[in-house]
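This report concerns only the one structure given below.
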Amino acid sequence: MSGYQLTIDDYSKQNSSKILKKLIFYVLLIAVIFLSVYFIIILDTDWHRIGSGASILKQLSYFIGLDVKIMPLLILPAFETFLMACLGTMLGLLLSLPVAWLGAKNVTPLGSLSFGFARMLMTISRSVHEIIWALIFVGAVGLGALPGILALAFRSVGFISKIIAENIEGADKKPIEAIKAAGGSGFDVMYYGIIPQILPTVIGTIIFEWDINIRRSAVMGLVGAGGLGLAFFRQMHMSNYPGVTTVILFIVGLIVIGEILSHYLRKKII
Amino acid sequence: MNNKEIYKRNNARNFINVSLFFFVIYLCFLYLGIDFERFFSALGRFGSLIANRYYPVEIPYVLEPGYLGSILDSIQMGYLGLVIGVIIASILAYFAASNITPSKRIGYWIGKFFIIFSRSIHETIWTILFVTIVGFGMLAGTMALTMYCIGFFGKLFSEELENVDMKLVETMRSNGANEMQVFAFGVWPQVKTAFTGILIYTWDVCFRASTIIGFFGAGGMGWYLKRNVLQLEYARTSAIIVSIIVLVIFSEALSAYMRDKIYKETQ
Chain A
1 MSGYQLTIDD
11 YSKQNSSKIL
21 KKLIFYVLLI
31 AVIFLSVYFI
41 IILDTDWHRI
51 GSGASILKQL
61 SYFIGLDVKI
71 MPLLILPAFE
81 TFLMACLGTM
91 LGLLLSLPVA
101 WLGAKNVTPL
111 GSLSFGFARM
121 LMTISRSVHE
131 IIWALIFVGA
141 VGLGALPGIL
151 ALAFRSVGFI
161 SKIIAENIEG
171 ADKKPIEAIK
181 AAGGSGFDVM
191 YYGIIPQILP
201 TVIGTIIFEW
211 DINIRRSAVM
221 GLVGAGGLGL
231 AFFRQMHMSN
241 YPGVTTVILF
251 IVGLIVIGEI
261 LSHYLRKKII
Chain B
271 MNNKEIYKRN
281 NARNFINVSL
291 FFFVIYLCFL
301 YLGIDFERFF
311 SALGRFGSLI
321 ANRYYPVEIP
331 YVLEPGYLGS
341 ILDSIQMGYL
351 GLVIGVIIAS
361 ILAYFAASNI
371 TPSKRIGYWI
381 GKFFIIFSRS
391 IHETIWTILF
401 VTIVGFGMLA
411 GTMALTMYCI
421 GFFGKLFSEE
431 LENVDMKLVE
441 TMRSNGANEM
451 QVFAFGVWPQ
461 VKTAFTGILI
471 YTWDVCFRAS
481 TIIGFFGAGG
491 MGWYLKRNVL
501 QLEYARTSAI
511 IVSIIVLVIF
521 SEALSAYMRD
531 KIYKETQ
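Put into structure tokens, the structure is as follows:
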């Protein structure tokens, strides 16, 4: 037999080793499931504290019902949450413009140095959870809506600037070269060559991020920034469970409104 | 009207629009009670906070066995939440995909409602709710992550299901296949790759969430974070944040690698 032909034996041997590998992989995955079940549900759970099914149901039944009295008090925090999301997204966009400029391979000014720096900023911004950002900013600028806005902005920078940078890298080179050939400066290239090309995608991304930011800004209050999260925190600490349900309803309503708005806006733009 | 006038008018209009925009932002700032001096000095304060308090990162703290164990706890929580969440979310997504749903009137809306509901509540709020119901510990965290996964995975997967090629499904239906057969031989082969991709992505996101939910009473790394934040142990807090960043980058790289591999295998 010539060397480059696979016999059926060889083939089945290769195949069976592949199947064996896959089998081991799946068995491992399932073993980890059992291990986690053992650690979480058997070792770590205090079943005595939870009690029987009836006591869980009793605990759940506290949440049933709405507290009508606090509803008027929630309208302003809901508006505040909404504003926090809007301003946070805007500030995030503002901050992500220079990061995207540094992080796009074809326009970055200092080569791999600034490129690497911008990529590092993006990764840090995305991998730190918004709660941690809020904690840091509450420490830095005090309580209120401002740390929430800053936390949302810093959390959004990673995603927005990554998308903008990718779009700049993928932009059509012909208009850019034409502007350069006509003697345009770097600013001219950016303003007339690149921005008109990437604008629709970027606006879509911003609307998407804004939609997510509404969800995030609803929990900023848990660590000291304002909004509906603070109302939730208060109701929870007063053990006013119907009030908690009301706040959650408000959050869901706000997010549904945001989702409808973003759907409508994206359709209008794209 | 010549060009110059049009240019002038447009310029004036742009000027009015821009100034109106800034005026609205100014009103928002006033409404939210934000001090402008604080706003403009925020970056400086942030920098000095990082440099003065967080900076000497106490790396040995995150290498202690207790903390390393909590990382394992977080991973387990994320994994178990993912498995249970994906099983529930797949069923819900099957109902919530408008083209293949078995009952358009009731099942569709139920599936859609549950997915939107679990998506619109943030994972930290789920954690707080479950902690009040089942008490502190990893069980509450697992439940919260389950809800999170239902929302995240359900949305992406139901959108994927809505994009399947319906011709194949119609052909099978007209040949007398029942719902199970249609799903197993008509729909599933089309979405298999996307399912695995979304699954890996969901794991990545779920792990990211599992690092923080301990802050509100579920186990894992978040609990250490909360303790050190409350004790004002800045050096340790920053060490924990750094460890979270490293782990998240690692999980992101792993999930990107796996998705790439699966994508290549199916090509």
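Residue numbers (my numbering), protein chains in the order written: chain A, 1 to 270; chain B, 271 to 537. Idealized CB from N, CA, C, for every residue including glycine. Predicted model only: the values in this text are computed from it and were never measured.
**OP:** Check the C-beta distance from Y378/B over to F365/B and give it rounded, since I have them as a contact under 8 Å.
**Re:** 6 Å
Original post:
Span of the alpha helix (DSSP H) holding I203/A?
Top reply: 195 to 217
Original post:
Near M1/A, what residues of its chain come up, given a Cβ to Cβ distance below 7 Å and the 5 sequence neighbours on each side ignored?
Top reply: Because the pLDDT of M1/A is 47, which lies under 50, any placement of that residue in the model is unreliable, and the question is left without a value.
Original post:
From the beta carbon of A85/A, is the nearest beta carbon of chain B less than 8 Å away?
Top reply: no
Subject >> Residue of V141/A, S125/A, Q59/A, I24/A minimising C-alpha distance to R308/B >> reply: V141/A
**OP:** Put M1/A into one of helix, strand or coil per three-state DSSP.
**Re:** With a pLDDT of 47 at M1/A, under the threshold of 50, the modelled position of that residue is not reliable, and the figure given next carries that caveat. DSSP places M1/A in coil when its eight states are reduced to three.
Original post:
Within 8 Å (strictly less), CB to CB, does T123/A reach chain B?
Top reply: yes
Subject >> Local conformation of A359/B per DSSP, three classes >> reply: helix
Original post:
Would you say F387/B faces chain A, with C-beta separation under 8 Å as the test?
Top reply: yes
Original post:
Is the region 76 to 92 of chain A close to the region 210 to 219 of chain A, with three or more CB pairs under 8 Å?
Top reply: yes
Original post:
Looking at chain B, which residues of the region 135 to 160 of chain A have a Cβ within less than 8 Å of any of its Cβ atoms?
Top reply: L135, I136, F137, G139, A140, V141, G142, G144, A145, L146, I149, L150
Original post:
How far does the alpha helix (DSSP H) with S12/A in it reach, from first residue to last?
Top reply: 8 to 37
Subject >> Closer than 8 Å to chain B by CB, R216/A >> reply: yes
**OP:** Taking only the alpha-carbon atoms, compute the straight-line gap between G446/B and I376/B and give it to the nearest angstrom.
**Re:** 24 Å
Original post:
Using a Cβ-Cβ distance under 8 Å, would T481/B count as near chain A?
Top reply: yes
Subject >> Between the CA atoms of Y241/A and K61/A - distance to the nearest angstrom >> reply: Sequence check: residue 61/A is Ser here, not Lys. Their backbone Cα atoms lie some 9 Å apart in a straight line.
Subject >> Test item: CB-CB of I341/B and M491/B under 8 Å >> reply: yes
Subject >> Beta carbon proximity, Q14/A to chain B, threshold 8 Å >> reply: no
**OP:** Kindly indicate if chain B contains any beta-carbon less than 8 Å away from that of M1/A.
**Re:** Here M1/A scores only 47 on pLDDT, less than 50, and its place in the model is too uncertain to base an answer on.
Original post:
Along the region 407 to 425 of chain B, what residues have a CB closer than 7 Å to any CB found in chain A?
Top reply: G407, M408, L409, T412
Original post:
Under a Cβ-count criterion, where at least 16 other Cβ atoms within 10 Å of its own Cβ denotes burial, should F485/B be classed as buried or exposed?
Top reply: buried
Original post:
Taking just the CA atoms, how far does R155/A sit from L95/A?
Top reply: 11 Å
Original post:
Does the Cβ of D343/B have 16 or more other Cβ atoms within 10 Å, making it buried, or fewer, making it exposed?
Top reply: buried
Original post:
For G227/A, does the three-state DSSP call read helix, strand or coil?
Top reply: coil
**OP:** Could you please give me the residues that DSSP links to G258/A through a beta bridge?
**Re:** Paired residue(s): none; G258/A is not in a bridge.
Subject >> Interface residues of chain B facing Q235/A [CB-CB closer than 7 Å] >> reply: Within 7 Å Cβ-Cβ: nothing; Q235/A doesn't reach chain B, min ~11 Å.
Original post:
Going along the chain, which residues of its own chain have a beta-carbon closer than 6 Å to the beta-carbon of W493/B, five neighbours each way excluded?
Top reply: G484
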